[in-house]
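Worksheet for the structure shown next.
Numbering (the working numbering), first residue to last: 58 to 183.
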């Protein structure tokens, strides 16, 4: 990441992460498909091999989407008391859709933050 010879204005990591754009130029696409990364940016040529978001996005998704869905389930149960099949029918697909959507957003944001702050794998020096 330090070998960049081109100068690009800084981009907002949150905006580029949510849009799924390159963390360096903000123009090229970051994702190939739903969650897979492209090998490099088509616009500026940044190699995405540095990008490793790990389990960070999944943790955020579990906590945030879980809080929202469980809150909605409890509210519906307390106020209306529907049978269990209504909960499954409503909240099963909603959980899957919210999880996939937010997982893509958080993965893009964490990769953009990783690039912006030049984060690397921890190493012990000799």
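Beta carbons: idealized from backbone N, C-alpha and C, even for Gly.
{"query": "Helix, strand or coil at residue 107 [DSSP, three-state]", "result": "helix"}
{"query": "Cβ-Cβ distance between residue 88 and residue 117 below 7 Å", "result": "no"}
{"query": "Unbroken alpha helix (DSSP H) run spanning residue 118, endpoints", "result": "113-137"}
{"query": "Backbone secondary structure at residue 81 - three-state DSSP", "result": "coil"}
{"query": "Sequence-distant residues of the same chain with beta carbon closer than 7 Å to residue 235, five excluded per side", "result": "In the structure displayed, the chain extends from 58 to 183; residue 235 sits before or after that span and is not available."}
{"query": "Counted within 10 angstroms of its Cβ, other Cβ atoms place residue 106 as buried (16 or more) or exposed", "result": "exposed"}
{"query": "Limits of the alpha helix (DSSP H) - the one that residue 144 falls within", "result": "141-173"}
{"query": "Separation of residue 70 from residue 84, as counted between CA atoms", "result": "12 Å"}
{"query": "Per-residue DSSP class, three states only, for residue 76", "result": "helix"}
{"query": "Touch test, the segment 143-151 against the segment 99-115, Cβ-Cβ under 8 Å, three pairs minimum", "result": "no"}
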